[in-house]
Amino acid sequence: MARNISKESLEQKIAKTEKAISKNREQYDRLTAELEELHKKQKAIQSKELLKAIEASSKSYEEILDFIQGKEERGE
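First residue of the sequence shown: 152, per the numbering used here; consecutive thereafter.
So, in structure tokens, the structure goes:
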């Protein structure tokens, strides 16, 4: 059997729940933006590392590109 609840009590619970949802949405948005920024920084670091590895490699640009694209080795 459903418990009777006063209109005022129900409105208070609704307001409390809406406030909690709003607070959680703000936290979610903030954390999502922070995560996106961290991913950008991670990608920048990885790009620098990859460029250094390419520069230090004895392989040509074409050989490296073929390898990354999964193409067969040339002339072998």
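Glycine residues also receive a C-beta, built at the ideal position from the N, C-alpha and C atoms. For clarity, every value in this text was computed on a predicted model and none was experimentally measured.
query                                                                                                                               : result
Return the first residue and the last residue of the alpha helix (DSSP H) that E159 is part of.                                     : K158 to A207
Nearest-angstrom Cα distance between L186 and I156?                                                                                 : 42 Å
What residues in its chain sit with their C-beta under 6 Å from that of E188, if we drop five residues either side in the sequence? : none
Could you give the first and the last residue of the continuous alpha helix (DSSP H) run that contains E213?                        : Y212 to I219
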